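Comments concern the structure below.
Number of protein chains: 4
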Amino acid sequence: MMSEQSLDALYEQTLSQQKDLSEVQKSVLKAALKLFSSQGFEATSTSQIAQEAGVASGSVYKQFKNKRALLAAVLAPLFKGTLQTAVEELADQTLSRQFVELDDFIYAIVEDRFYFIQNNFPAIKLMLNQILTNEDFRKEVISFFERQLEGFLLPVIEKFHVENKLKDVSYAELIELIFGTMIGYFGKVLFGLASPIKIEIEQSSQQLIRYLSVKN
Amino acid sequence: MMSEQSLDALYEQTLSQQKDLSEVQKSVLKAALKLFSSQGFEATSTSQIAQEAGVASGSVYKQFKNKRALLAAVLAPLFKGTLQTAVEELADQTLSRQFVELDDFIYAIVEDRFYFIQNNFPAIKLMLNQILTNEDFRKEVISFFERQLEGFLLPVIEKFHVENKLKDVSYAELIELIFGTMIGYFGKVLFGLASPIKIEIEQSSQQLIRYLSVKN
Amino acid sequence: MMSEQSLDALYEQTLSQQKDLSEVQKSVLKAALKLFSSQGFEATSTSQIAQEAGVASGSVYKQFKNKRALLAAVLAPLFKGTLQTAVEELADQTLSRQFVELDDFIYAIVEDRFYFIQNNFPAIKLMLNQILTNEDFRKEVISFFERQLEGFLLPVIEKFHVENKLKDVSYAELIELIFGTMIGYFGKVLFGLASPIKIEIEQSSQQLIRYLSVKN
Amino acid sequence: MMSEQSLDALYEQTLSQQKDLSEVQKSVLKAALKLFSSQGFEATSTSQIAQEAGVASGSVYKQFKNKRALLAAVLAPLFKGTLQTAVEELADQTLSRQFVELDDFIYAIVEDRFYFIQNNFPAIKLMLNQILTNEDFRKEVISFFERQLEGFLLPVIEKFHVENKLKDVSYAELIELIFGTMIGYFGKVLFGLASPIKIEIEQSSQQLIRYLSVKN
DNA sequence: TATGAATGAGGATTCATTCAT
DNA sequence: AATGAATGAATCCTCATTCAT
Numbered sequence: 001m002m003s004e005q006s007l008d009a010l011y012e013q014t015l016s017q018q019k020d021l022s023e024v025q026k027s028v029l030k031a032a033l034k035l036f037s038s039q040g041f042e043a044t045s046t047s048q049i050a051q052e053a054g055v056a057s058g059s060v061y062k063q064f065k066n067k068r069a070l071l072a073a074v075l076a077p078l079f080k081g082t083l084q085t086a087v088e089e090l091a092d093q094t095l096s097r098q099f100v101e102l103d104d105f106i107y108a109i110v111e112d113r114f115y116f117i118q119n120n121f122p123a124i125k126l127m128l129n130q131i132l133t134n135e136d137f138r139k140e141v142i143s144f145f146e147r148q149l150e151g152f153l154l155p156v157i158e159k160f161h162v163e164n165k166l167k168d169v170s171y172a173e174l175i176e177l178i179f180g181t182m183i184g185y186f187g188k189v190l191f192g193l194a195s196p197i198k199i200e201i202e203q204s205s206q207q208l209i210r211y212l213s214v215k216n
Numbered sequence: 001m002m003s004e005q006s007l008d009a010l011y012e013q014t015l016s017q018q019k020d021l022s023e024v025q026k027s028v029l030k031a032a033l034k035l036f037s038s039q040g041f042e043a044t045s046t047s048q049i050a051q052e053a054g055v056a057s058g059s060v061y062k063q064f065k066n067k068r069a070l071l072a073a074v075l076a077p078l079f080k081g082t083l084q085t086a087v088e089e090l091a092d093q094t095l096s097r098q099f100v101e102l103d104d105f106i107y108a109i110v111e112d113r114f115y116f117i118q119n120n121f122p123a124i125k126l127m128l129n130q131i132l133t134n135e136d137f138r139k140e141v142i143s144f145f146e147r148q149l150e151g152f153l154l155p156v157i158e159k160f161h162v163e164n165k166l167k168d169v170s171y172a173e174l175i176e177l178i179f180g181t182m183i184g185y186f187g188k189v190l191f192g193l194a195s196p197i198k199i200e201i202e203q204s205s206q207q208l209i210r211y212l213s214v215k216n
Numbered sequence: 001m002m003s004e005q006s007l008d009a010l011y012e013q014t015l016s017q018q019k020d021l022s023e024v025q026k027s028v029l030k031a032a033l034k035l036f037s038s039q040g041f042e043a044t045s046t047s048q049i050a051q052e053a054g055v056a057s058g059s060v061y062k063q064f065k066n067k068r069a070l071l072a073a074v075l076a077p078l079f080k081g082t083l084q085t086a087v088e089e090l091a092d093q094t095l096s097r098q099f100v101e102l103d104d105f106i107y108a109i110v111e112d113r114f115y116f117i118q119n120n121f122p123a124i125k126l127m128l129n130q131i132l133t134n135e136d137f138r139k140e141v142i143s144f145f146e147r148q149l150e151g152f153l154l155p156v157i158e159k160f161h162v163e164n165k166l167k168d169v170s171y172a173e174l175i176e177l178i179f180g181t182m183i184g185y186f187g188k189v190l191f192g193l194a195s196p197i198k199i200e201i202e203q204s205s206q207q208l209i210r211y212l213s214v215k216n
Numbered sequence: 001m002m003s004e005q006s007l008d009a010l011y012e013q014t015l016s017q018q019k020d021l022s023e024v025q026k027s028v029l030k031a032a033l034k035l036f037s038s039q040g041f042e043a044t045s046t047s048q049i050a051q052e053a054g055v056a057s058g059s060v061y062k063q064f065k066n067k068r069a070l071l072a073a074v075l076a077p078l079f080k081g082t083l084q085t086a087v088e089e090l091a092d093q094t095l096s097r098q099f100v101e102l103d104d105f106i107y108a109i110v111e112d113r114f115y116f117i118q119n120n121f122p123a124i125k126l127m128l129n130q131i132l133t134n135e136d137f138r139k140e141v142i143s144f145f146e147r148q149l150e151g152f153l154l155p156v157i158e159k160f161h162v163e164n165k166l167k168d169v170s171y172a173e174l175i176e177l178i179f180g181t182m183i184g185y186f187g188k189v190l191f192g193l194a195s196p197i198k199i200e201i202e203q204s205s206q207q208l209i210r211y212l213s214v215k216n
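Protein chains in written order, with full-length UniProt numbering: chain H, 1 to 216; chain Y, 1 to 216; chain B, 1 to 216; chain E, 1 to 216.
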């Protein structure tokens, strides 16, 4: 089961909560995400965004001070609002399910994150693009991930360690494993090398389980 | 030991062999790599490149028809010349060493590729940047990797399969594992999460060995 | 009497009919005609045009894709619209007047064309400039002239031949005579050697009459 | 600028330069004439000329101070040398032949000038191009023609007037007739409308004779 | 002397941004 | 509010010209 709402859906929520964003502005954000993601930020012109959104070029500047602010508006909710929400949802959900078995927990994480990647591919691509060319943004993303993951991963790990179900891997090692798995899946999708998602989830979670579970 | 020469080194070689590239043009290429990699292609102006290279703006266009051709000149040798050479060197070397043990082979690959990533980080970052916003380039990279890896991986895998040292994993699975490992390391370096390279090599190769060796 | 409206006048009409051409763009066209004509196409910079038109340099490109398109916009109506209209007007007029005498017909043509040349000197100069350095343009002009002249000259010639008022000159010979007369007048204006236009018309038409009329 | 120096000054310069013009420089002049004439002055680059001439780009500047001076060098001899010589030759020849008949004189002039036009078409085209876009150059050409023609035409005209063989046309009218005939022929060649030159000479001279000779 | 690499001013063109309607 | 014409700074690129070799 995909626990993850698509970013677009969560986003829609976020946007409706912002009463000062008109339908027009929402369509601008949507157009900006699409074009920034596929062409890159610099290679996308504001008039192109306006055209894609079906509005006048001047209208882009009604809510967004400039092109940079539009980029921020496209990205900021991604992990200032949406991603955070998504992670919290995951945490709540995983905890609420009271995972008894490590295997189930690992599978749940992988499933959840892979669907997240699949559903939010354009936004993630755009984020990566920015990460590659913006030092400050890169740092912000890092600190965000660290804070988010730490908050919900540590208690669960502690639990499985205590129950002697998890091999003796450090927290850092664990982060790297999860991180590497996600990046690996993203890369495979990017390069068109990915199998159907269910198979990918199966393989990746099995791989992690083999590596992490004391049963192996 | 690291068999990999840094791209810069191999590049330097390639450049010296190209008698039609002046010192000025070499410095232009160097400046272009640096700036394209750190800022992105679109966000880098040719005059900025000229300034970084310490030449006049017009000189950028002496050997390179236009900005795009300069990008190609920065990237093309990366995997049309250098990377190919590097891969061949690895193949020669691994075969020549007549690896008896799978563990040694895995370790050698990981070591070799991790050093390659470390030494050529800017160029790889730039390549990734292009991959994210250029469909054709993405396809070229894919086909390149496929051709290169197939050529030197298949025989070795066959050998270890025959010797019953390698678990029953498909070629595709193997590729994904290696691919994922490399992307994972690149991502960690990108995010500043990487441990010292020797430790990373140790951990990643151990992980792969545990997953691939029949001994486990 | 001058039957010919000046190209500028006819042009103005054409422009007003084009609702998508703003006042700014009309002034750009006017400035372009003036400068292209006096300095040549290549020697005129777009910023010079903008300055002459009293607009920003970027505004030149609002309606005209590029400098070449601006040249086309300046020239195309000249003989794609206006000249054609002018020729048709002449044809209508000459036929409607039901010229009884060859002398009157010749005089009417010369008068009409000379006024046309006088009133559209800059545009014709520009056209000539392009003819000298653009093979394709030259061919287009030739085919245009041939089509236009044939359509309205042949019937009239036939009439006068039948009436035995016109000497036995071929159509080609006639074209050359008219052509040569017009070129001759243009050249004299260009070199500042022309007498007042009424005298020029008188002389040139008399010359043609002497050469063509059976009465001589 | 061409117009800065008088044609006379240019002529002197050119002459002295042309004595020590190497084969290389002659080929540069040839290339410049060819390219300027076919593409126009502005549209022709000096490196293109160098390539056409088979020399290094810097070599173009060895004898010619700049591109403008090269244009001058290409054009100046055209009418300070060739045309002048031609006119003088014509004068000598016509006088030496002691033309008894006006018809022969007219035929000789037409024949001479038409061949001149045919043989020097590229240079004339280039000259015309300059005339169209350079006010000063235009004026100089006019005064040159006037001076040249006056010198050798007036005596002959006087002769035929005295002999009562020439109709009562003014000198100005005569100039215009000759001028118009030449321009007409040039235009016809330019537009590809010219018949074989012998026929053109025949027709044009007959036309002039009919108009000028008292016998008609 | 001849070369052609290097220069940098200048030109075409784009595009983020503003503002009058 | 929405529009889109107008702006002009910035960018890519060319090319006349210079100069060290």
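Think of the CB as a built atom: it goes at the ideal place given N, C-alpha and C, for glycine as much as any other residue. Note that the structure is a prediction, hence the values are computed from the model and not measured.
Kindly indicate which three-state DSSP category residue 213 of chain H falls into: helix, strand or coil? Three-state result, residue 213 of chain H: strand.
Euclidean distance between Cα positions of residue 23 of chain H and residue 140 of chain H: Those two C-alpha atoms are separated by around 30 Å.
Quick one: what does DSSP say residue 58 of chain H is sitting in, helix, strand or coil? In the structure shown, residue 58 of chain H sits in a helix (DSSP, three-state: H, G or I).
Helix, strand or coil: how does DSSP classify residue 193 of chain E here? Coil.
Under 7 Å from the C-beta of residue 43 of chain H: neighbouring residues of chain Y: In chain order: 42, 133.
Across the segment 103-123 of chain B and the segment 173-180 of chain E, are there enough close Cβ pairs to call them in contact, namely three or more that are closer than 8 Å? When C-beta atoms of the segment 103-123 of chain B are compared with those of the segment 173-180 of chain E, fewer than three pairs fall below 8 Å, so the two segments do not count as touching.
Taking a contact to mean a Cβ-Cβ separation below 7 Å, would you say residue 165 of chain H touches residue 110 of chain H in this structure? In this structure, residue 110 of chain H does not lie closer than 7 Å to residue 165 of chain H by Cβ.
Less than 7 Å between CB atoms is the rule here; does residue 191 of chain Y satisfy it with respect to chain H? Chain H, which has a Cβ nearer than 7 Å to the Cβ of residue 191 of chain Y, makes this yes.
Between the C-alpha atoms of residue 72 of chain B and residue 126 of chain B, what's the straight-line distance to the nearest angstrom? Their backbone Cα atoms lie some 11 Å apart in a straight line.
What would DSSP say about residue 21 of chain Y, mapped onto helix, strand or coil? In the three-state reduction of the DSSP assignment, residue 21 of chain Y falls in the coil class.
At 9 Å on the CB atoms, spell out the chain H contacts of residue 188 of chain Y, in chain order. Chain H residues near residue 188 of chain Y: 176, 179, 180, 183.
Between residue 167 of chain H and chain Y, is the shortest Cβ-Cβ distance under 7 Å, so that the two count as touching? No, residue 167 of chain H does not count as interfacial toward chain Y.
Could you please tell me which residues of the UniProt domain "HTH tetR-type" (22-82) of chain E, in chain order, have their CB closer than 9 Å to any CB of chain B? Flagged, chain order: 37, 38, 39, 40, 41, 42, 43.
Exposure of residue 199 of chain B, with buried meaning 16 or more beta-carbon neighbours within 10 Å: With fewer than 16 other CB atoms across the displayed protein chains lying within 10 angstroms of its CB, residue 199 of chain B is exposed.
For the alpha helix (DSSP H) that residue 162 of chain B lies in, which residues bound it at each end? In the DSSP assignment, residue 162 of chain B falls within the alpha helix (DSSP H) that extends over 135-162.
State the Cα-Cα distance for the pair residue 130 of chain H and residue 25 of chain B, rounded to the nearest angstrom. Computed Cα separation, rounded: 40 Å.
The segment 149-165 of chain H / the segment 155-173 of chain Y touching (three or more Cβ pairs under 8 Å): Note that the segment 149-165 of chain H does not touch the segment 155-173 of chain Y; fewer than 3 beta-carbon pairs, one per stretch, sit closer than 8 Å.
Do the segment 142-157 of chain Y and the segment 142-152 of chain H make contact, defined as three or more Cβ pairs closer than 8 Å? The segment 142-157 of chain Y makes no contact with the segment 142-152 of chain H; the number of CB pairs closer than 8 Å stays below 3.
Just checking: is the beta-carbon of residue 142 of chain B within a distance shorter than 7 Å of some beta-carbon in chain E? Yes, residue 142 of chain B lies at the interface with chain E (some Cβ there is under 7 Å from its Cβ).
Excluding the five sequence neighbours on either side, which residues of its own chain have a C-beta within less than 7 Å of the C-beta of residue 113 of chain B, listed in chain order? The beta carbon of residue 113 of chain B lies closer than 7 Å to those of 182 in the same chain, with the five residues before and after it left out.
Segment limits, alpha helix (DSSP H) that includes residue 111 of chain E: Here the alpha helix (DSSP H) through residue 111 of chain E covers 102-119.
Option nearest residue 63 of chain H by Cα separation, candidates H/204, H/29, H/42: If we check each option's Cα against that of residue 63 of chain H, H/29 comes out closest.
Compare the C-beta of residue 251 of chain B against all C-beta atoms of chain E and say whether one is closer than 7 Å. No answer is possible for residue 251 of chain B: the residues shown for chain B start at 1 and end at 216.
Would residue 125 of chain H pass as an interface residue toward chain Y - the criterion being a Cβ-Cβ separation below 7 Å? Any Cβ of chain Y closer than 7 Å to the Cβ of residue 125 of chain H would place that residue at the interface, and such an atom is present.
Sub-7 Å separation of residue 33 of chain H and residue 74 of chain H beta-carbons: Going by C-beta atoms, residue 33 of chain H is nearer than 7 Å to residue 74 of chain H.
Select from E/43, E/27, E/21 the residue whose C-alpha is nearest the C-alpha of residue 133 of chain B. Cα-wise, what sits closest to residue 133 of chain B is E/43.
Alpha carbon to alpha carbon, how far is residue 101 of chain Y from residue 108 of chain Y? Give it in angstroms, no decimals. Taking the CA atoms as reference points, residue 108 of chain Y sits about 11 Å from residue 101 of chain Y.
Between the C-alpha atoms of residue 191 of chain Y and residue 54 of chain Y, what's the straight-line distance to the nearest angstrom? A direct Cα-Cα distance of roughly 31 Å separates residue 191 of chain Y from residue 54 of chain Y.
Buried or exposed: which applies to residue 205 of chain B, given that a residue is buried once 16 or more other Cβ atoms fall within 10 Å of its Cβ? Residue burial annotation: residue 205 of chain B is buried, with at least 16 other C-beta atoms found within 10 angstroms of its C-beta.
Which residue wins for smallest C-alpha separation from residue 209 of chain H, given the options H/189, H/35, H/106? By alpha-carbon distance to residue 209 of chain H, the top candidate from H/189, H/35, H/106 is H/106.
Thinking residue 31 of chain Y and residue 49 of chain Y are a contact (beta carbons under 8 Å), I'd like their distance in whole angstroms, please. Contact annotation, residue 31 of chain Y with residue 49 of chain Y: C-beta distance approximately 5 Å; criterion of less than 8 Å satisfied.
Between the CA atoms of residue 70 of chain Y and residue 38 of chain B - distance to the nearest angstrom: Taking the Cα positions, residue 38 of chain B is about 40 Å away from residue 70 of chain Y.
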